[in-house]
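One structure below.
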Amino acid sequence: MAGSGYAAALLIGALIGGYGFGTLNLALSNLPGIGRSILGALAGAIVAVELYKLVRGIRGSTGLIFIFAFATTVMVGRWGCFFAGLPDQTYGIATTMLWGADFGDGVLRHPVQLYESVSMGLFLLASLVLLAHRNPWFMANGFYLMTGFYAVQRFAWEFLKPYAAVIGPLNLFHLICLALVAYSTIIPGWRKENA
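Sequential numbering from -14 applies to the sequence shown in our numbering.
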């Protein structure tokens, strides 16, 4: 599994997905700038690595070693997004909830960055317990579980963001989340059948 080709596929996919989808989302929302997206980076890395594995004939999941780094990055990184405020373009829509955050424009907004941080923190704790018990299902499917969990919770928070809809009420990131949910539910079964 390890090797420079695998690492290159991972990095190139993450960069293209992260900047490509992040910038496309800003453009669709009529916002200026070069965007970055952890969701886009995850999707891009998965596509690139799966293509690399297909070409090289690598079977089985190779992502278990990445789930803790990814979950920790989201858990900690979203606090950075929260403190960056409006320029980060990750804030939520206006809210009357007591925990609404004012990012400097006088509008109380959903702190969606913190919702995501807490969600991934809980996932990280559960994953550490499963790993400590060497749960066989988790050892084989942990990356798919992480991908599906991240996509589902992110899908929910996207309804609380001011991004432009592209299909019905769904924005670009909703669609990427749906694709990741499909990946995380279909590929494990496919891999088992073709092992």
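For glycine and all other residues, C-beta sits at the position ideal for the given N, C-alpha and C.
Count the other C-beta atoms from every protein chain shown that fall within 10 angstroms of the C-beta of residue i, then say buried if there are 16 or more, exposed otherwise.
{"i": "Val97", "result": "buried"}
{"i": "Ile31", "result": "buried"}
{"i": "Thr170", "result": "exposed"}
{"i": "His159", "result": "buried"}
{"i": "Asn156", "result": "buried"}
{"i": "Ala(-8)", "result": "exposed"}
{"i": "Asn126", "result": "buried"}
Measure the C-alpha to C-alpha separation of residue i and residue j and round it to an integer number of angstroms.
{"i": "Ile172", "j": "Val59", "result": "24 Å"}
{"i": "Gly7", "j": "Pro121", "result": "36 Å"}
{"i": "Asp73", "j": "Cys66", "result": "6 Å"}
{"i": "Leu(-4)", "j": "Ala69", "result": "25 Å"}
{"i": "Ser(-11)", "j": "Ala54", "result": "19 Å"}
{"i": "Ile161", "j": "His118", "result": "32 Å"}
{"i": "Val92", "j": "Trp142", "result": "18 Å"}
{"i": "Ala56", "j": "Asp90", "result": "30 Å"}
{"i": "Pro154", "j": "Arg63", "result": "24 Å"}
From the DSSP output, which residues share a beta bridge with residue i?
{"i": "Leu156", "result": "Residue identity differs from the one stated: residue 156 is Asn in this sequence, not Leu. Paired residues: Ala150."}
{"i": "Leu93", "result": "Asp87"}
{"i": "Ala79", "result": "Arg94"}
Return the chain-ordered list of same chain residues with a C-beta closer than 6 Å to the C-beta of residue i, the five sequence neighbours on each side being excluded.
{"i": "Gly2", "result": "Gly25, Ala26, Ala28, Gly29"}
Answer yes or no: do residue i and residue j have a C-beta to C-beta separation smaller than 8 Å?
{"i": "Leu11", "j": "Met124", "result": "no"}
{"i": "Ala149", "j": "Leu9", "result": "no"}
{"i": "Ser46", "j": "Tyr129", "result": "yes"}
{"i": "Ile52", "j": "Ser112", "result": "yes"}
Might you give, ordered along the chain, the residues of its own chain that have their beta carbon closer than 7 Å to the beta carbon of residue i, omitting 5 neighbours on each side?
{"i": "Arg94", "result": "Tyr76, Gly77, Ile78, Ala79, Thr80, Gly85, Ala86, Phe88"}
Is there a Cβ from chain C that is less than 8 Å from the Cβ of residue i?
{"i": "Asp73", "result": "Included in the structure is just one protein chain, with no chain C present."}
Confirm the yes/no value for this check: CB of residue i, any heavy atom of the ligand SAH, distance under 7 Å.
{"i": "Gly7", "result": "Inclusion of the ligand SAH in the displayed structure is not the case, the ligand content being empty and no account of it being possible."}
Please go through the same chain and pick out, in chain order, the residues whose beta-carbon is closer than 8 Å to the beta-carbon of residue i, but skip the five residues on each side of it.
{"i": "Ile23", "result": "Gly3, Thr58, Val59, Gly62"}
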